[in-house]
Structures are given as C-alpha cells and as structure tokens.
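Before any comments, here is the structure.
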Amino acid sequence: MAIFLFFMGGKAFSFGKPNVELVVDRFLNQNVQPSEGVFSHASRHDDATMHQLNQQFHELSKRLKAEKKKEKIVQNMSTNNYGLLSCRFDAYVNQLDLQHLEQLKRSMVEFKKNVAQKLMN
Numbered sequence: 011m012a013i014f015l016f017f018m019g020g021k022a023f024s025f026g027k028p029n030v031e032l033v034v035d036r037f038l039n040q041n042v043q044p045s046e047g048v049f050s051h052a053s054r055h056d057d058a059t060m061h062q063l064n065q066q067f068h069e070l071s072k073r074l075k076a077e078k079k080k081e082k083i084v085q086n087m088s089t090n091n092y093g094l095l096s097c098r099f100d101a102y103v104n105q106l107d108l109q110h111l112e113q114l115k116r117s118m119v120e121f122k123k124n125v126a127q128k129l130m131n
C-alpha cells in the first residue's frame with residue numbers, strides 16, 4: 011500500500027508499506043497476479059482500509075474548506091464592522107456612571123466565562 015499526498019504549496023508526501031519503491035514496482039509490474047489465499051485476503055483488507063481512509067480524507071477536506079469559508083466571512087465582517095461597533099461602544103460606555111460601569115464589567119466577565127466554557131465543550 012502506498013499513499014501519495016500533494017499539497018497546494020507544491021510539496022509532496024509519500025508513505026508506503028513496506029516502502030514506496032516496492033509498492034510502485036509492484037504496481038508497474040502488474041503482470042504477476044497474486045495467488046489466492048492469505049495475500050489475496052490481505053490485499054482485500056488493504057483495499058477496504060484504503061477506501062475508508064480516502065472517505066475520511068474527503069470528508070475532512072470538505073469540512074476544512076467549509077471552515078475556511080466561515081473564517082473568511084467572519085474576518086470580512088470583523089474588518090468591515092469593527093470601526094462602527096467600536097465608536098458606538100465607546101460612546102455608550104462614556105455615558106455610563108460608576109455603578110453601571112461595574113455592572114457592565116461583571117456582565118463581561120460572566121460572558122467571558124460562558125464563552126470559555128462553550129469552547130471547552
């Protein structure tokens with residue numbers, strides 16, 4: 011079994027059992043048919059494992075692509091709206107008295123704890 015991964019950055023990674031060269035040689039010299047028995051069973055098992063790994067790889071690739079899209083959307087929203095939100099928040103805070111500022115601080119600390127707890131779960 012051999013696995014070849016080609017990354018977008020132009021780098022390649024390969025893994026083979028027992029080694030890549032032997033697997034490639036077997037692939038290129040397919041004239042020799044494996045005999046039925048243990049080797050054939052092992053080959054079918056390797057094929058099933060490879061199929062399962064390919065499915066996992068494709069699923070993880072889809073999830074990664076979706077997360078990258080979400081990240082880009084959040085970055086755009088953050089960049090576009092930060093200035094406006096910052097001005098509004100500053101104006102709001104500047105109007106508060108000490109009692110309301112302390113309440114705001116307690117609320118923000120509680121919010122921070124809740125976010126940290128959600129991230130841990």
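Using this note's numbering, read the sequence shown as starting at 11 and increasing by one per residue. Each residue gets a CB set at the ideal place from its N, CA and C atoms; glycine is no exception. Note that the structure is a prediction, hence the values are computed from the model and not measured.
Assign PHE16 to one of three DSSP states: helix, strand, or coil.
strand
Limits of the alpha helix (DSSP H) - the one that ASP35 falls within
30 to 38
So, for GLY26: in the same chain, excluding its five sequence neighbours on each side, which residues have a beta-carbon less than 6 Å away from its beta-carbon?
ALA12 and VAL33
Quick check: does the Cβ of PHE99 come within less than 7 Å of any heavy atom belonging to the ligand FMN?
This structure lacks the ligand FMN, and indeed carries no ligand of any kind.
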